[in-house]
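Numbering of the sequence shown is given in numbering that gives the first Met the number 0, commencing with residue 0 and proceeding in unit increments.
Below is one structure, written out as structure tokens, with a few remarks after it.
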Amino acid sequence: MKKALLLLYLFTICIYTTSDAQKAIIDSLKKELGNLDEEELIDAYFQIMWNSRDLSPDTTIYYGEKILNITEGTSEFKDRAKVLNLIGVACRNKGHYSKAFDFFKQALLQADVSNNQIQKGYSYINISNLFFYEGDNYESLKNINEAIIIANKTGDAQLIGYAYQVFGNIQLSRGKYELALENYHHSLNQRKSIGKQDLIASAHQSIGEAYLQAGSPYDARFQFLKAKEIAIEADYESLIYTCEASLGETYFNSSSDSLGIALNHYGKAYKGFLKLKQQLKQAKILEKIAQVYLLQNSISKSIEAANKGLVIAEKLPAIQEALLLSDVLSKAYNKRGDIIKEAEALRKYIYYIHLYQDEEKLRKAQMIENNMAIAQKQEEINLLNQKNTLSEEKIVYREYALISVIVTLVLMGVIIYLINQKKKRFKEFSNTLKVKTKEIQDQKFIIGEKVVQVLELNEQLTKKNDELKENLVQTKKIHEQLARSEKMAIVGQMMAVVAHEINNPLNFISNNIVPISDNLKEVQEMVKEQEIDNKEEFQEDIEESILLLEGIDDGVKRIREISQDLKNAVKSNHGVPKPLDVNQSINTTLNLLSKKYKYDGIDLQVELEDHLPEVVCLGGKISQVFINVIDNAYQVVKENDNDTKVIKISTKKLKDDRIGISISDNGGGIKDLDHLFEAFYTTKKEGLGLGLIISKDIVEQHKGSINAFNNKEGGATFTIQLPLEGIQV
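In structure tokens:
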């Protein structure tokens, strides 16, 4: 069956053009789906995905998800990362950039799990392309740098060629034509080595773009014509239309007499991109068409094309294209004399300028380039070190040769001395030997100093890179905790609203239970006095109804208690300090948390001092501290293997107008007390280590203190002290 599918695939390629062949392959594969086993079915689904990625992204996504569902949990399937990358490409082609980003990230993780370096490289390239389309050069450079490192390690020519082409695109967008050309030629050489005509054509097209932006339209036109010729031979339909657009650009940049030719090429390209449903390229070519119409003074047509392109660019979003289209639109309205529309277009232009020219991102992009330049310099330094090593070996050989010569000279000097007072010449040769030796030693010392300087520079660069990585990790953790805190605040507000809204129907139900019950009792008395059929059954029904009303009344009271607990737990005082009953706040916290851990067999021992004075504080903040500390106690006791699991909570009035709270458990204790209240320190399997430091900040804001120590019998104890008036009303 696999051979049959392969023959079918080759046959359709031979008799159809690219798009027609792809459609024929898809239709043929769909007809065979019912006759295939699971392994063959996965292969068929994958072929449908591959051939639908440009023609029908929805089909690619549909069959990709089918493959993921079939292969979920099976370690034998090694191409999961490849499937995720293809789904991401399909989402990108639809303009769904956020979904595409999620799939590329999943592909990256899956490639790590399966150690698939090729797909890992493609994942980084796809992510880099997404950031490039959105105008984020920093993130784009960072990801393509990772892709190039992986590509060079694997030695895969196709991956290397693709990575350097994308790298060239980024450099070209920043006006660095020579670097872009260098990367494009590197990509072309890699693709020639594997002989794939469609990839070779793509490389020629990119080289033409670099020449065009560098101001050489004739050199660019030669490359575009060559790329188009190869693309036609390879039936590469998408690239054919891209070359049409690029050829139009060469005529656009030649002279005003060539604008008609440029518009003709642009029109062919636009029709092709519509056919292939490539929205980003539609936006790009509409900007060019709008410019031509503007130069030809066809203002209405220019505005129509620019508006159509701007709608597509804003929908994607594609920041660079939106910037260019809003610029053309403002110029067209200016020529028409429509001041209001011109101002509106200019506002959009300024908005996209700010998005596209983010100074911080430009700075970070420059940092990435500097790092890559440093890496190249490091290779040069390594080569110099190798040359220095060879030079040192040559110096040693020369020393040996020099010593041999000197020995010979000394012997000759002795002979001459014996013959004709050779002592004077012997001294001269000795002095010369000392001078040469000193020069050699000086050279060695200089070389040694250079080597030490290079090593120190390498060490400094390594330390800086490690510091940057650590800062990045910590920043991500802080962002995650802040996002979680914002979500919890929103949930708290919603809980308070829900608790408040529940009270209205509860009051209605509660107020009606008593009169209904009284009415039933009166009916019961009347039945007793009357002689009617089925009197006993009727009385039993009335008694059962009264019992049901009592049950409803109990349920209403329970709901009211839960509602009050929710309101007490989430109230924030709106930033205004108010008196707080600490015992009531702790009981509210326990009521909420006890439901979460009621099946874990934890013995809760609570000793709250009666008539405890109220504390002036931000009640919501102090409740957050109690929830953090008590929930930590529940978690460590739950995870411990003790036969008995105990949490003790007590409050008491201290001296100096302070309230003391003690929370003790018999869990595993705290291994490193010195770092307990530092950011990112945690003893739990899951957690960011920010709960206790936030609690400490809240307590200290109220001029109180929070401490912890390990118990001798095991477990740990947290003590909290709060002044009665830590914050003034």
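Built from N, CA and C at the ideal position, the CB exists for glycine as well.
Quick one, are the C-beta atoms of Gly207 and Tyr183 less than 7 Å apart? Here residue 207 corresponds to residue number 208 of the sequence shown, with the count starting at 1. Here residue 183 corresponds to residue number 184 of the sequence shown, with the count starting at 1. No, these two residues do not count as a Cβ contact at 7 Å.
Looking at the structure shown, is Asn639 part of a helix, part of a strand, or coil, going by DSSP? Working through the sequence shown from its first residue, we reach residue 639 at position 640. In the structure shown, Asn639 sits in coil (DSSP, three-state: anything other than H, G, I, E or B).
Return the CA-CA distance between Leu275 and Ile352, expressed in angstroms with no decimal places. Indexing the sequence shown from 1 puts residue 275 at position 276. Indexing the sequence shown from 1 puts residue 352 at position 353. Using only the alpha carbons, I get a separation of about 30 Å.
Three-state secondary structure (DSSP) of Asp664: Locating residue 664 in the sequence shown gives position 665, where the first residue counts as 1. In this structure, Asp664 counts as strand in the three-state DSSP scheme.
For Lys360, count neighbouring Cβ atoms within 10 angstroms of its own Cβ and tell me buried if that reaches 16, exposed if not. Position 361 of the sequence shown, counted from the first residue, corresponds to residue 360. In this predicted model, Lys360 has a pLDDT of only 49, less than 50, meaning its place in the structure is not dependable; the value taken from the coordinates is given anyway. Buried, because 16 or more other Cβ atoms sit within 10 Å of the Cβ of Lys360.
Given this structure, state the Cα-to-Cα distance separating Lys104 from Val112, to the nearest angstrom. Mapped onto the sequence shown, residue 104 falls at position 105. Mapped onto the sequence shown, residue 112 falls at position 113. Roughly 13 Å separates the two Cα atoms.
Is the beta carbon of Ala233 closer than 7 Å to that of Gln196? The residue given as residue 196 occupies position 197 in the sequence shown. The residue given as residue 233 occupies position 234 in the sequence shown. Yes, they are a contact pair.
Quick one: what's got a C-beta closer than 6 Å to Ser749's C-beta in the same chain, skipping five residues either side? Missing from the structure shown is residue 749; the chain here goes from 0 to 728 and no further.
Spatial distance of Leu589 from Lys597 (CA atoms): For the purposes of this step, residue 589 is identified with residue 590 of the sequence shown, where counting begins at 1. For the purposes of this step, residue 597 is identified with residue 598 of the sequence shown, where counting begins at 1. Cα-Cα distance, rounded: 11 Å.
Keeping to the same chain, check which residues put their C-beta closer than 7 Å to that of Ile231; ignore five residues upstream and five downstream. Taking the sequence shown and counting its residues from 1, the one referred to as residue 231 is at position 232. Same-chain partners within the cutoff: Ile239.
Pairwise C-alpha distance: Leu592 and Glu539: As a position in the sequence shown, residue 539 is number 540, starting the count at 1. As a position in the sequence shown, residue 592 is number 593, starting the count at 1. Distance between the alpha carbons of Glu539 and Leu592: 41 Å.
Taking DSSP's pairing of strands, which residues face Ala110 in a bridge? Counting from 1 along the sequence shown, the entry for residue 110 is found at position 111. Partner(s): none; Ala110 has no beta bridge.
Nearest to Pro514 by CA position, among Pro56, Leu328 and Leu548, is which residue? By one-based count along the sequence shown, residue 514 stands at place 515. Cα-wise, what sits closest to Pro514 is Leu548.
Under 7 Å between C-beta atoms of Val636 and Ile585: Position 637 of the sequence shown, counted from the start, is the residue given in the question as residue 636. Position 586 of the sequence shown, counted from the start, is the residue given in the question as residue 585. No, they are not a contact pair.
Beta-carbon contacts of Gly174 that lie in its chain and below 8 Å, excluding the five residues immediately before and after: Counting from 1 along the sequence shown, the entry for residue 174 is found at position 175. Beyond the five residues adjoining it in sequence on each side, Gly174 comes within less than 8 Å, by CB distance, of Gln212 in the same chain, given in chain order.
Fully enclosed by the stretch 310-354, which alpha helix (DSSP H) runs are 4 residues long or longer? 318-335
Distance between Asn50 and Thr17 (C-alpha atoms, nearest Å): In the sequence shown, counting from the first residue as 1, residue 17 sits at position 18. In the sequence shown, counting from the first residue as 1, residue 50 sits at position 51. Note on Thr17: pLDDT 49, under 50, position unreliable in the model; the coordinate value appears next. Their backbone Cα atoms lie some 10 Å apart in a straight line.
Please classify Met48 as buried or exposed, where buried requires at least 16 neighbouring CB atoms within 10 angstroms. Counted from its first residue, the sequence shown places residue 48 at position 49. So Met48 ends up on the buried side.
Sequence-distant residues of the same chain with beta carbon closer than 7 Å to Leu611, five excluded per side: Working through the sequence shown from its first residue, we reach residue 611 at position 612. So the qualifying residues of the chain are Val581, Asn582, Thr650, Lys652 and Ile658.
When the Cα atoms are used, what is the spatial distance from Phe778 to Ile69? Any question about residue 778 goes unanswered here, given that the chain covers just 0 to 728.
Length-filtered (4 minimum) alpha helix (DSSP H) runs lying within the stretch 260-295: 278-294
Between the CA atoms of Ser186 and Glu248 - distance to the nearest angstrom: Within the sequence shown, numbered from 1, the residue matching residue 248 stands at position 249. Within the sequence shown, numbered from 1, the residue matching residue 186 stands at position 187. Those two C-alpha atoms are separated by around 23 Å.
Kindly give me the distance between the Cβ atoms of Ile169 and Ser201, rounded to whole angstroms, as I take these residues to be in contact under 8 Å. Translated into the one-based positions of the sequence shown, residue 169 becomes position 170. Translated into the one-based positions of the sequence shown, residue 201 becomes position 202. In this structure Ile169 does not touch Ser201 by the C-beta definition: roughly 16 Å separates them, more than the 8 Å allowed.
Using the Cβ count rule (16 or more neighbours within 10 Å means buried), how would you classify Val575? Indexing the sequence shown from 1 puts residue 575 at position 576. Exposed, since its Cβ has fewer than 16 Cβ neighbours within 10 Å.
Any chance the stretch 156-164 sits against the stretch 332-344, with 3 or more Cβ pairs inside 8 Å? The stretch 156-164 vs the stretch 332-344: no contact.
Contact between the stretch 64-78 and the stretch 254-261 is defined here as three or more beta-carbon pairs at a separation below 8 Å; is this criterion met? no
Using a Cβ-Cβ cutoff of less than 6 Å, which residues in the same chain neighbour Ala106 once the five nearest sequence positions on both sides are dropped? Here residue 106 corresponds to residue number 107 of the sequence shown, with the count starting at 1. Answer for Ala106: Ala80, Leu83, Asn84 and Ser122, listed in chain order.
Tell me, please, whether the stretch 692-708 touches the stretch 638-647 by the rule of three or more beta-carbon pairs shorter than 8 Å. no
Name the one or two DSSP bridge partners that Asn709 has. As a working note, residue 709 is residue 710 in the sequence shown. Answer is Ala715.
Would you check if the distance between the CB atom of Glu243 and the CB atom of Lys267 is smaller than 7 Å? Indexing the sequence shown from 1 puts residue 243 at position 244. Indexing the sequence shown from 1 puts residue 267 at position 268. Contact flag set, yes.
Alpha carbon to alpha carbon, how far is Phe76 from Gln164? The residue given as residue 76 occupies position 77 in the sequence shown. The residue given as residue 164 occupies position 165 in the sequence shown. Going by the C-alpha atoms only, they are around 30 Å apart.
Rounded to the nearest angstrom, what separates Arg220 and Asn464 at their Cα positions? Numbered from 1 along the sequence shown, position 221 holds the residue referred to as residue 220. Numbered from 1 along the sequence shown, position 465 holds the residue referred to as residue 464. One C-alpha to the other measures close to 43 Å.
Pairs of beta-carbons, one from the stretch 321-331 and one from the stretch 139-153, closer than 8 Å: are there three or more? no
By the three-class DSSP mapping on this structure, what secondary structure does Leu675 have? Translated into the one-based positions of the sequence shown, residue 675 becomes position 676. If DSSP states are grouped into helix, strand and coil, Leu675 belongs with coil.
If you reduce the DSSP assignment to three classes, tell me which class Lys191 lands in. What you label residue 191 is simply residue 192 of the sequence shown in a count that begins at 1. Looking at Lys191 - three-state DSSP - the assignment turns out to be helix.
Pull up the distance between the alpha-carbon of Lys270 and that of Lys280, whole angstroms please. Position 271 of the sequence shown, counted from the first residue, corresponds to residue 270. Position 281 of the sequence shown, counted from the first residue, corresponds to residue 280. Roughly 11 Å between the two C-alpha positions.
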